[in-house]
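Participant:
2 protein chains.
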Amino acid sequence: MRQSSQQPTRTRHGGRAGSVPTGECRCRRYAIDDTGTGRLLYPRHLIRLTLVTLTQLVDSIGAGRTITDPDLVREFCHDEHSYVTPGSPCAVVIAQTAEDVQAAVRWAAEHRVPVIPRGAGTGIVGGTATTDGCLVISLAKMTAIKELSAQDELAVVEPGVINADLDHAARVHGLMYAPDPSSYESCTIGGNLATNAGGLRCVKYGVTRDSVLGLEAVLADGSLIRTGRRTVKGVTGYDLTGLLVGSEGTLGIITSATLRLRPAPKHPPVTVAAEFASVVDAAEAVWAIVRASVGPSLLELMDRATLEALDEWRHIGLDPKTNAMLLCQADGPDAAAAAQVMAECCTANRASVVAVSDDETEAAQLLDIRRMAFTAIERMGACLIEDVCVPRSKLPEMFAAVERIAAAYDLLVPTVAHAGDGNLHPVFVFDRGPEIPRAVWDAAEDVFRAALDLGGTLTGEHGVGTLKRHWLAAELGDATMAAQLAIKNALDPLGILNPGKAV
Amino acid sequence: MRQSSQQPTRTRHGGRAGSVPTGECRCRRYAIDDTGTGRLLYPRHLIRLTLVTLTQLVDSIGAGRTITDPDLVREFCHDEHSYVTPGSPCAVVIAQTAEDVQAAVRWAAEHRVPVIPRGAGTGIVGGTATTDGCLVISLAKMTAIKELSAQDELAVVEPGVINADLDHAARVHGLMYAPDPSSYESCTIGGNLATNAGGLRCVKYGVTRDSVLGLEAVLADGSLIRTGRRTVKGVTGYDLTGLLVGSEGTLGIITSATLRLRPAPKHPPVTVAAEFASVVDAAEAVWAIVRASVGPSLLELMDRATLEALDEWRHIGLDPKTNAMLLCQADGPDAAAAAQVMAECCTANRASVVAVSDDETEAAQLLDIRRMAFTAIERMGACLIEDVCVPRSKLPEMFAAVERIAAAYDLLVPTVAHAGDGNLHPVFVFDRGPEIPRAVWDAAEDVFRAALDLGGTLTGEHGVGTLKRHWLAAELGDATMAAQLAIKNALDPLGILNPGKAV
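These protein sequence lines map, in sequence, to chains Y and G.
Each residue of the first sequence is one higher than the one before, starting from -15 at the first, in the working numbering.
Each residue of the second sequence is one higher than the one before, starting from -15 at the first, in the working numbering.
#1: Using a Cβ-Cβ cut-off of 8 Å, state whether residue 64 of chain G counts as contacting chain Y.
#2: Identify the contact partners of residue 443 of chain Y in chain G, using a Cβ-Cβ distance below 8 Å as the criterion.
#3: At a cut-off of 7 Å, would you count residue 353 of chain Y as near the ligand SAH, judging by its Cβ distance to the nearest heavy atom?
#4: For the alpha helix (DSSP H) that residue 432 of chain Y lies in, which residues bound it at each end?
#5: When you check each C-beta in the stretch 372 to 388 of chain G against every C-beta of chain Y, which residues fall closer than 8 Å?
#6: Kindly say whether residue 16 of chain Y, judged by its beta-carbon, lies nearer than 8 Å to any beta-carbon of chain G.
#7: Does the stretch 204 to 219 of chain G come close enough to the stretch 446 to 454 of chain G that 3 or more CB-CB pairs lie under 8 Å?
#8: Classify residue 473 of chain Y as buried or exposed, calling it buried when 16 or more other Cβ atoms lie within 10 Å of its own Cβ.
#9: Mind checking which residues open and close the beta strand (DSSP E) that includes residue 153 of chain G?
#10: Does the stretch 78 to 98 of chain G come close enough to the stretch 190 to 205 of chain G to have 3 or more Cβ pairs within less than 8 Å?
#11: Please confirm whether residue 171 of chain G and residue 104 of chain G have their CB atoms less than 8 Å apart.
#12: Would you grab the beta carbon distance between residue 278 of chain Y and residue 325 of chain Y for me? Rounded to a whole angstrom, and I think it's under 8 Å.
#13: From the DSSP output, in three-state form, read off residue 30 of chain Y for me.
#14: If residue 75 of chain G sits next to residue 119 of chain G, beta carbons under 8 Å apart, how far is it from one beta carbon to the other, in whole angstroms?
#15: Counting C-beta neighbours from all protein chains within 10 Å, is the total for residue 305 of chain Y 16 or more, i.e. buried, or is it exposed?
#16: Would the beta-carbon of residue 260 of chain G fall within 8 Å of that of residue 310 of chain G?
#17: Just the C-alpha distance for residue 216 of chain G and residue 160 of chain Y, rounded to the nearest angstrom, thanks.
#18: Where DSSP assigns a beta bridge to residue 407 of chain Y, which residues make up the other side?
#19: Is the stretch 270 to 288 of chain G touching the stretch 358 to 365 of chain G in the sense that three or more CB pairs, one from each, lie closer than 8 Å?
#20: Determine whether the beta carbon atoms of residue 240 of chain Y and residue 142 of chain Y lie at a separation below 8 Å.
#21: Taking the runs of the beta strand (DSSP E) that are 3 residues or longer, which of them lie wholly in the stretch 107 to 147 of chain G?
#22: When you compare each of G/411, G/150, G/187, G/394 to residue 360 of chain G by their alpha carbons, which one comes out closest?
#23: Which residues in the same chain as residue 192 of chain Y place their Cβ atom closer than 7 Å to its Cβ, once the five residues preceding and following it in sequence are excluded?
#24: Going along the stretch 434 to 467 of chain G in order, which residues come within less than 7 Å of chain Y, judged by CB to CB distance?
#25: Go ahead and pull the three-state DSSP assignment for residue 419 of chain Y.
#26: Assuming residue 209 of chain G is part of the alpha helix (DSSP H), what are its boundary residues?
#27: Report yes or no: do three or more beta-carbon pairs, one from the stretch 369 to 383 of chain G and one from the stretch 248 to 260 of chain G, lie closer than 8 Å?
#28: What's the gap between the Cα of residue 190 of chain G and the Cα of residue 52 of chain Y?
#29: Could one say the Cβ of residue 277 of chain G lies closer than 8 Å to chain Y's Cβ atoms, at least one of them?
#30: Say whether chain G places a C-beta atom closer than 8 Å to the C-beta of residue 265 of chain Y.
#31: Once the 5 residues before and after residue 471 of chain Y are set aside, which same chain residues still bring their CB inside 8 Å of it?
#32: Is residue 388 of chain Y buried or exposed, if buried means 16 or more other CB atoms sit within 10 Å of its CB?
#33: Going straight from the alpha carbon of residue 126 of chain G to that of residue 355 of chain G, what length do you get?
#34: If you follow the alpha helix (DSSP H) that residue 89 of chain G is in, where does it begin and where does it stop?
#35: Give every residue of the same chain whose Cβ lies closer than 7 Å to the Cβ of residue 109 of chain G, excluding the five residues on either side of it in the sequence, and list them in chain order.
#36: Got a sec: is the Cβ-Cβ distance from residue 195 of chain Y to anything in chain G below 8 Å?
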């Protein structure tokens, strides 16, 4: 590695996928600003990667699985919504085995090149945003379900397996893979693990971490570790499994996961749909349902702005007086009784309409409406999707705070909530353009502060990524931040794994 | 700190509780052998603590809460069953606040004194065994339930709270604290957290880690960190909560915990008791029950030797042909139907007697028998209680292996299992004496190997402590061990927190 103190210049690559760029490639270590805009700034260091060093990479992985053509590389530089301006990677490795990942990481460690692992890129906080000169390792082609043991209710999968594909494979055996992020039909298990993804079923079955028994991961020095176990219990050594889950690729790159499957519900769910004149009333109903302890398997809330977006697109027949809709489900053997209790909680909290149904088609239609919410909102403009989570008793106050902040900044902020978990997604809608307007950032910050003041957290399930790093210390405090960074430095002393993300 | 190369001598202390020993106190850093016997050897280093330095400790904590009298100190040197020969601490701090813990740890860090945190000392793997010259910090007097929020289904507690006391407090609100180690009436929450304790209800409600939302802990430099949150979801930063749980006091000393409470079952449980002529048949029945996915809330298995010990003590009327007993419970709204399925699984696997009961008194009596099992076995001799866990499909094979190994070594090995988790406690019984016989160690090692060969782990819920460190690398492998130690070194660079334990 040679270092240079020259002014940074844009990375330029030649050649096609698998070939080595002609001439010299200047790659840079990233730097990131802390102004809360999440933009990548010019790098602090220059690293000069020569033709020889890039050839080493291509040779070790194979030409067909190493992309260096800038036009092709560009496809691997961003996630879905994060508004982070990506840098230009020096190459993308399409990993097919753990050995590929090891070889790529060893090469990156030798040359001090930042490594950005990625799955399907469905994240929305800039967790896979690239920096100039980095190496992207795509796990999306590692799609094998290596084992599915109905006996032990577990599956061993590669990180590129699509969430819904695993669930479908499990259903054949009367089992299910419980965590179901909204993007479950396109997101990968690896990405779910990296962000500790949540979903609609979390209210009953827990988040991704609750379904992980063990992992195989490549660390920053290229070594391969195995964590956890195949048993349902075990306390040998520190919980590295839990530590890697949610670490957003900053501690290791997951190459295999042993996941817990659960018995699929045996009966169709019973669904309750309720409409309210006030979103705060709907939130009060959620809290009443939580206190009733009937074990809902789904508890989702949509506010007026969300319903309007859906109505404009899909003509759902929105009543002018409806300002919030609550969807509840129960899937246990006592689902009918549980649904009845939930319906009563809605009525007691001033619901204008309450409908209970055990019709599966009707339930699927209602859930489809909920799952289309973000797409409907995105038709209205550019979006910044937030992800605060508060104690469930504070749900009404948090909804009131979002309404107040939206009004104060004169912003449209449709809000969807995994209400049973106290997890709100206020979506800040604004005119499309190259940057997120200052007022949106300010309003988002007010939302974070309100969540923290209510004993909440700034991200329930999406992760910190690049976007939320600015606010991290406000939630964690200095001593806890220091402990986090000590662990990062211990496992990645060169700081090459997804730098600038998560911590 | 002054170091000396003199031959080690026994630590001698004078004075009474709270006073400073007269004269000089020689304290030593521990060393531990790796021969698998778990004995503490002579120390590698000598540290000379002067009157002045011990006075500093007493002054910072308070004379009434610092014990230096050797006769009194001795009570804080061991756990219940681990057969580890303890060393002599230089002092015991009876912490009453997090600030006490901080002051004690800062003092220990300054003078390089090993710190052994402890709760009620009910562990059985030497996790709280002392080393010569160490400082013991007892958390047993920090017994406040600081908050119990029925609204948010959580409690904030100090580490000295007795497990059963928290559960009783929660029941008043229709909630429960689910993790219930066998010692639940005497063990502390802090000890449960340090070992990630299991229990009888784990099969339905998960282990201790599954009930922890957040922690407050003192790190090795005396800093106080807060991890986790009060919300049910959250992904801000690394999962330090999960990392601290089960770390056996080697990464930090927990001074407060935010724990998840759950709705207590609304109906009395339905209990199934079944007797079998073969323990392997009983294990087959367990596996059949697991596959039936009826969500048992308890699934415990006792073998012939255990039943004989109980019969000798409590005259339970053991049938000569009964070689295993299975206890099953279901506590959900469909408990009766679930119990029926479990009973059928027993019958299908050659149970000689199957009884189903929804009588609460009868259920309590059956559970009492199970909870008395270890006490009954201990009446027969000295005990080494093991704790292997295997995938549930391997339960019959593991029981067969224990039977085979017991016969090969001509040992009495009564075995109790949290069978629904695949977690076996083979208890090696031997004549009381100063040491564990070689044959017992060899047989225990064979049991560990058999568990690992079946895809299992060497400890399901008791922890590694001092006793099982010898076997750790065999399960984890070199790369994973290195990652564990990197984390330990990052958070405790001086190695003062419970050295020689867990990793």
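Built from N, CA and C at the ideal position, the CB exists for glycine as well.
Every value quoted in this text rests on a predicted model; they were computed, and no experiment measured them.
Facilitator: In short:
#1: No, because no Cβ of chain Y sits closer than 8 Å to the Cβ of residue 64 of chain G.
#2: Taking a Cβ-Cβ cut-off of 8 Å, the neighbours of residue 443 of chain Y in chain G comprise 218, 219, 220, given in sequence order.
#3: By its list of ligands, the structure shown contains no ligand whatsoever, and the ligand SAH lies outside what it can speak to.
#4: That run of the alpha helix (DSSP H) goes 422 to 437.
#5: Under the 8 Å Cβ criterion, the stretch 372 to 388 of chain G contributes 373, 374, 375, 376, 377.
#6: Bear in mind that the predicted position of residue 16 of chain Y carries a pLDDT of just 37, short of 50, making it too unreliable to give a figure here.
#7: Output reads no: the stretch 204 to 219 of chain G does not touch the stretch 446 to 454 of chain G.
#8: Under a 10 Å Cβ-count criterion, residue 473 of chain Y is classified as exposed, with fewer than 16 other Cβ atoms of the shown protein chains found around its own Cβ.
#9: For residue 153 of chain G, there is no enclosing beta strand (DSSP E); the enclosing alpha helix (DSSP H) has its first and last residue at 147 to 155.
#10: These segments touch.
#11: In this structure, residue 104 of chain G lies closer than 8 Å to residue 171 of chain G by Cβ.
#12: So it is a contact: roughly 5 Å between Cβ atoms.
#13: Note that residue 30 of chain Y scores 40 on pLDDT, short of 50, meaning its location in the model is unreliable; the coordinates nonetheless yield the value given after this. In the three-state reduction of the DSSP assignment, residue 30 of chain Y falls in the strand class, which pools E and B.
#14: The distance from the Cβ of residue 75 of chain G to that of residue 119 of chain G is about 6 Å, consistent with a contact at the 8 Å cut-off.
#15: Exposed, because fewer than 16 other Cβ atoms sit within 10 Å of the Cβ of residue 305 of chain Y.
#16: Their beta carbons are under 8 Å apart, which means residue 260 of chain G touches residue 310 of chain G by this criterion.
#17: If you take the alpha carbons of residue 216 of chain G and residue 160 of chain Y, they lie about 22 Å apart.
#18: Checking the DSSP bridge columns, you'll see residue 407 of chain Y partnered with Y/373, Y/402.
#19: Two segments are said to touch when three or more pairs of C-beta atoms, one from each, lie closer than 8 Å; by this definition the stretch 358 to 365 of chain G does not touch the stretch 270 to 288 of chain G.
#20: The answer is yes: Cβ separation under 8 Å.
#21: Restricted to the stretch 107 to 147 of chain G, the beta strand (DSSP E) segments that are unbroken, complete and at least 3 residues in length are 119 to 122, 129 to 133, 138 to 141, listed in chain order.
#22: Residue 360 of chain G has its Cα closest to that of G/411, out of G/411, G/150, G/187, G/394.
#23: If we look at residue 192 of chain Y and ignore the five residues flanking it on each side, its Cβ neighbours are 163, 176, 177, 180, 181, 229.
#24: The stretch 434 to 467 of chain G vs chain Y, Cβ under 7 Å: 439, 440, 441, 442, 443, 444, 445, 447, 448, 456, 459, 460, 461, 463, 464, 467.
#25: DSSP places residue 419 of chain Y in coil when its eight states are reduced to three.
#26: Looking at the DSSP string, residue 209 of chain G is not in any alpha helix (DSSP H); the run it does join, the beta strand (DSSP E), is 208 to 212.
#27: Flag = no, the stretch 369 to 383 of chain G and the stretch 248 to 260 of chain G do not touch.
#28: Near 47 Å, if we compare the C-alpha coordinates of residue 52 of chain Y and residue 190 of chain G.
#29: Against chain Y, the CB of residue 277 of chain G has a partner CB under 8 Å away; the residue lies at that interface.
#30: Not a single CB atom of chain G sits nearer than 8 Å to the CB of residue 265 of chain Y.
#31: 227, 235, listed in sequence order.
#32: So residue 388 of chain Y counts as exposed.
#33: Their backbone Cα atoms lie some 27 Å apart in a straight line.
#34: Counting along the chain, the alpha helix (DSSP H) containing residue 89 of chain G begins and ends at 82 to 95.
#35: These residues qualify, in order along the chain: 66, 446, 447, 448, 449, 450, 451, 452.
#36: False, the Cβ-Cβ gap to chain G never drops below 8 Å.
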